[in-house]
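Engineer: Before we start, here is the structure in question, set down as structure tokens.
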Amino acid sequence: MSDTNPYPVLSKVNIPADIRNFSISELKQLCTDIRAYMVDVISEIGGHFGGGLGTVELTVALHKVFNTPKDLIVWDTGHQAYPHKILTGRKEQLKTIRQLNGISGFLKRSESEYDTFGAGHASTSISAALGMAIAQNYETEKRKVVAVIGDGAMTGGMAYEAMNNSGVLKANLIVVLNDNNMSIAPNVWQISNYFNELIAHPEYNKFKGYVWDLTGKLDQFGDRLRLIAGRLENGI
Numbered sequence: 009m010s011d012t013n014p015y016p017v018l019s020k021v022n023i024p025a026d027i028r029n030f031s032i033s034e035l036k037q038l039c040t041d042i043r044a045y046m047v048d049v050i051s052e053i054g055g056h057f058g059g060g061l062g063t064v065e066l067t068v069a070l071h072k073v074f075n076t077p078k079d080l081i082v083w084d085t086g087h088q089a090y091p092h093k094i095l096t097g098r099k100e101q102l103k104t105i106r107q108l109n110g111i112s113g114f115l116k117r118s119e120s121e122y123d124t125f126g127a128g129h130a131s132t133s134i135s136a137a138l139g140m141a142i143a144q145n146y147e148t149e150k151r152k153v154v155a156v157i158g159d160g161a162m163t164g165g166m167a168y169e170a171m172n173n174s175g176v177l178k179a180n181l182i183v184v185l186n187d188n189n190m191s192i193a194p195n196v197w198q199i200s201n202y203f204n205e206l207i208a209h210p211e212y213n214k215f216k217g218y219v220w221d222l223t224g225k226l227d228q229f230g231d232r233l234r235l236i237a238g239r240l241e242n243g244i
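Numbering (our numbering), first residue to last: 9 to 244.
So, in structure tokens, the structure goes:
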């Protein structure tokens, strides 16, 4: 039997502060370890782990960059936050998730100081984070506030209300859109349908070809315009 540690970097991590001095190679191995650990746990207890498997790198990056728990990360629902639970002192308890006397399948403020908001329903993260961001106007010690929301949750009207309000209030708020085209059920999102139809429209592609030919005549400036245009289209 091999004594090799199957999670060489993850075994060194108990709280997010442990990863903040990691090298890039260590961070990459940490992501590999987290994903392998989640798969191993799934094989034993089952569960709703698909969303979390898709947010491993994002979770590591957020906890690397932001000074949690001082800085506040608000996750939309809880399924995508299982890697967050692993990094915030609940690595061993993950084996008990959604079981009697085990840890919650959602985020729970009474469970960890790193869980800033508890919610089971989707589309609530931006609203909650906006409230926390506005509260910083009255705090002596300022915190950064980040909302993480998936494209599936962006079908909810509450998310748009929150974005509208945050724009009006000029809140110091970061919103991360995890646009992975994955959700429990197919998205019903007219805005998405509209842009997909627009990009496929012959007139749009005719115009796109004209712009491409035109920018090709502008040397390096044209290359830059092409890059910007490509990013805009990918954003749509």
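Every residue, glycine too, gets a C-beta built ideally from N, C-alpha and C.
Using the rule of at least 16 other Cβ atoms within 10 Å of the residue's Cβ for burial, across every protein chain shown, is V64 buried or exposed?
Structural biologist: In the sequence shown, residue 64 corresponds to position 56, counting from 1. Per the 10 Å Cβ criterion, buried.
Engineer: Give the secondary structure of I182 by DSSP, where H, G and I count as helix, E and B as strand, and everything else as coil.
Structural biologist: Translated into positions along the sequence shown, residue 182 becomes position 174. Residue state for I182 is assigned as strand, using DSSP reduced to three classes.
Engineer: Thinking C-alpha only, which one of H56, A137, V73 is nearest I157?
Structural biologist: Within the sequence shown, the letter at position 149 stands for residue 157. I157 has its Cα closest to that of A137, out of H56, A137, V73.
Engineer: Work out the CA separation of S31 and V154 for me, nearest whole Å.
Structural biologist: For this step, residue 154 is matched to residue 146 along the sequence shown. For this step, residue 31 is matched to residue 23 along the sequence shown. Straight-line Cα distance between these residues: approximately 24 Å.
Engineer: Measuring straight from C-alpha to C-alpha, what distance separates H56 and F229?
Structural biologist: Your numbering for residue 56 matches position 48 in the sequence shown. Your numbering for residue 229 matches position 221 in the sequence shown. Cα to Cα, H56 sits roughly 48 Å from F229.
Engineer: Just to confirm my understanding: we take G126, look at its own chain, exclude 5 residues before and 5 after, and list those with CB closer than 7 Å. What are they?
Structural biologist: Sequence index remark: in the sequence shown, residue 126 carries index 118 (1-based). Same-chain partners within the cutoff: F114, L115, K116, R117.
Engineer: Where does L80 fall in DSSP's three states?
Structural biologist: In the sequence shown, the residue the question calls residue 80 occupies position 72. Per DSSP, reduced to three states, the secondary structure at L80 is strand.
Engineer: Report back the beta-carbon spacing between A130 and N180 to the nearest angstrom; my notes put them in contact at under 8 Å.
Structural biologist: Here residue 130 refers to the residue found at position 122 of the sequence shown. Here residue 180 refers to the residue found at position 172 of the sequence shown. A130 to N180, Cβ: 24 Å. No contact.
Engineer: Name the two residues that bound the continuous alpha helix (DSSP H) containing V47.
Structural biologist: Here residue 47 refers to the residue found at position 39 of the sequence shown. It spans 32-53 - the alpha helix (DSSP H) in which V47 sits, taken as one unbroken run.
Engineer: If you follow the beta strand (DSSP E) that V153 is in, where does it begin and where does it stop?
Structural biologist: Counting from one through the sequence shown, the residue named residue 153 turns up at place 145. DSSP places V153 inside the beta strand (DSSP E), whose first and last residues are 153-158.
Engineer: So, using beta-carbon positions, are V184 and L66 closer together than 9 Å?
Structural biologist: Mapped onto the sequence shown, residue 184 falls at position 176. Mapped onto the sequence shown, residue 66 falls at position 58. Yes, the Cβ-Cβ distance between V184 and L66 is below 9 Å.
Engineer: Classify H129 as helix, strand or coil using the three-state DSSP reduction.
Structural biologist: Indexing the sequence shown from 1 puts residue 129 at position 121. In this structure, H129 counts as coil in the three-state DSSP scheme.
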